[in-house]
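Q: Residues 34 to 202 in the numbering used here are what the sequence shown spells out, letter by letter. C-beta atoms are modelled at their ideal positions from N, C-alpha and C, and glycine is treated no differently. One structure, pasted below without further comment.
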Amino acid sequence: MDQSIDKKPELIGNLRIFFNQNKKKIIIIFISIIIILAAAFTWNENQNKKNLLISEKYIKAGFLLSNNEKKSALKYYEEIILSRNKFYSLLALNIILEKNLVKQKEKIFLYFDLLEELNFSEETNDLILLKKALYYIREGNIDTGKQILKDLIQKESKFKSLAQGIISE
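Next comes the structure, spelled out in structure tokens:
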């Protein structure tokens, strides 16, 4: 029992010595942790604000489109695609294709290229490639569209059977 009582003051003394000898290091580490946490929090808040702004643009574009203001809606959809937001960029391109808002093929292919550069899951990337192939075929460039479909088949995509069905037609 006496030994445990003797060790407590010794332990406290050792801790005091350690803290006194390493006071600057401890303060620097503590301040660094606070700065890193503040930076992470600020970055997260900034990302949330960007997502909110993009979602508002998406809603506004949908409203404009429903009011038959296609040019204004297209500007918002293009801004969304160029923002490279993973969720809303894909939705914006889908609406542009569905409503045929852009007549220039080059612009559409640029949008597809921008989406392909984003780090989507493999399944989502395959879906983008499938849509790109269908767009090529719709616009008369059947060979390029079929080549993309063949690439999807070779890579054992989840869309393999769909791609095979399209090629066989």
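Hey, how far is the Cα of Gln80 from the Cα of Leu126?
A: As a position in the sequence shown, residue 80 is number 47, starting the count at 1. As a position in the sequence shown, residue 126 is number 93, starting the count at 1. For Gln80 and Leu126, the distance between alpha carbons rounds to 21 Å.
Q: Given this structure, state the Cα-to-Cα distance separating Ile45 from Phe52, to the nearest angstrom.
A: As a working mapping, residue 45 is identified with position 12 in the sequence shown. As a working mapping, residue 52 is identified with position 19 in the sequence shown. Going from the Cα of Ile45 to the Cα of Phe52 covers about 11 Å.
Q: Let's see if you can read the secondary structure: which residues bound the alpha helix (DSSP H) around Phe96?
A: Counting from one through the sequence shown, the residue named residue 96 turns up at place 63. Per DSSP, Phe96 belongs to the alpha helix (DSSP H) from Lys56 to Ser99.
Q: Quick test of your reading: Leu115 and Ala106, contact by CB under 8 Å. State the CB separation rounded to the nearest angstrom.
A: In the sequence shown, counting from the first residue as 1, residue 115 sits at position 82. In the sequence shown, counting from the first residue as 1, residue 106 sits at position 73. The pair is not a contact, with the Cβ atoms about 15 Å apart (cut-off 8 Å).
Q: Flag this pair as yes or no: are the beta carbons of Tyr109 and Lys119 separated by less than 7 Å?
A: For this step, residue 109 is matched to residue 76 along the sequence shown. For this step, residue 119 is matched to residue 86 along the sequence shown. Contact: no.
Q: Would Asp176 be called buried (16 or more neighbouring beta carbons within 10 Å of its own) or exposed?
A: Counted from its first residue, the sequence shown places residue 176 at position 143. Exposed.
Q: Just to check my reading of the structure: Lys103 and Leu134 have Cβ atoms closer than 8 Å, yes? What is that Cβ distance to the nearest angstrom?
A: On the sequence shown, residue 103 is found 70 positions in, with the first residue counted as 1. On the sequence shown, residue 134 is found 101 positions in, with the first residue counted as 1. About 6 Å separates the two Cβ atoms, so the contact holds.
Q: Name the two residues that bound the continuous alpha helix (DSSP H) containing Arg171.
A: As a working note, residue 171 is residue 138 in the sequence shown. Unbroken alpha helix (DSSP H) run through Arg171: Glu155 to Arg171.
Q: If Ala166 sits next to Ile181, beta carbons under 8 Å apart, how far is it from one beta carbon to the other, in whole angstroms?
A: As a position in the sequence shown, residue 166 is number 133, starting the count at 1. As a position in the sequence shown, residue 181 is number 148, starting the count at 1. About 4 Å; that satisfies the 8 Å criterion.
Q: Our contact map puts Lys191 next to Asp159 with C-beta atoms below 8 Å; I'd like the distance itself, whole angstroms only.
A: Indexing the sequence shown from 1 puts residue 191 at position 158. Indexing the sequence shown from 1 puts residue 159 at position 126. 6 Å between Cβ atoms; contact.
Q: Look at the Cβ atom of Glu172, then the Cβ atom of Lys140, and state whether they are nearer than 7 Å.
A: As a working note, residue 172 is residue 139 in the sequence shown. As a working note, residue 140 is residue 107 in the sequence shown. The answer is no: Cβ separation not under 7 Å.
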